[in-house]
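*Asks:* In my numbering, the protein residues as written are 623 to 734.
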Amino acid sequence: FSAASDLRLKENIRQFSPGLDFIKQLRPVQYTWRHMDDGQVFTGLIAQDVEKLVEEMGFEFSAVVAPEKEEDYYSLRYAEFVMPLINAVKELAETHEKLSARIESLEKMNRE
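Okay, structure coming up:
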């Protein structure tokens with residue numbers, strides 16, 4: 623599965639900044655479906671929880687699909703979570719690099 627990502631198709635491009643803070647506040651859960659009797663356990667997120675978190679953090683996030691009618695259900699576009707995960711990894715990598723440099727500096731001072 624691939625998605626069109628050509629620059630020529632896009633406009634109003636801006637930086638997407640949610641990352642580690644957002645990811646850390648997500649609440650993965652295990653659940654069974656009410657309409658299924660096989661007891662199979664699934665993992666995922668609760669769409670309403672994600673919607674509330676996004677509202678609290680104040681950014682736009684197309685992963686949450688709200689119901690159009692009262693009898694419809696929420697859904698999530700899980701592929702949309704890739705961007706905040708990329709940002710979270712970048713933040714962790716930057717922290718790792720800084721801490722590695724600090725450790726190296728402290729070890730050098732300790733040897734002297």
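Where a beta carbon is used, it is the ideal one built from N, C-alpha and C, also for glycine.
#1: If we ignore side chains and look at the alpha-carbon of each, how far apart do residue 695 and residue 689 end up?
#2: From residue 657 to residue 686, what does the alpha carbon distance come to, in whole angstroms?
#3: Should residue 706 and residue 661 be called a contact, given that it needs their Cβ atoms to be closer than 7 Å?
#4: What number of angstroms, rounded off, separates the C-alpha of residue 710 from the C-alpha of residue 645?
#5: Mind reading off the beta-carbon distance from residue 665 to residue 652? Whole number of angstroms is fine, and I expect it under 8 Å.
#6: According to DSSP, residue 704 sits in a beta bridge with which residue or residues?
*Replies:* In short:
#1: Distance between the alpha carbons of residue 695 and residue 689 is about 5 Å.
#2: 22 Å
#3: no
#4: 7 Å
#5: 5 Å
#6: In DSSP, residue 704 forms no bridge with anything.
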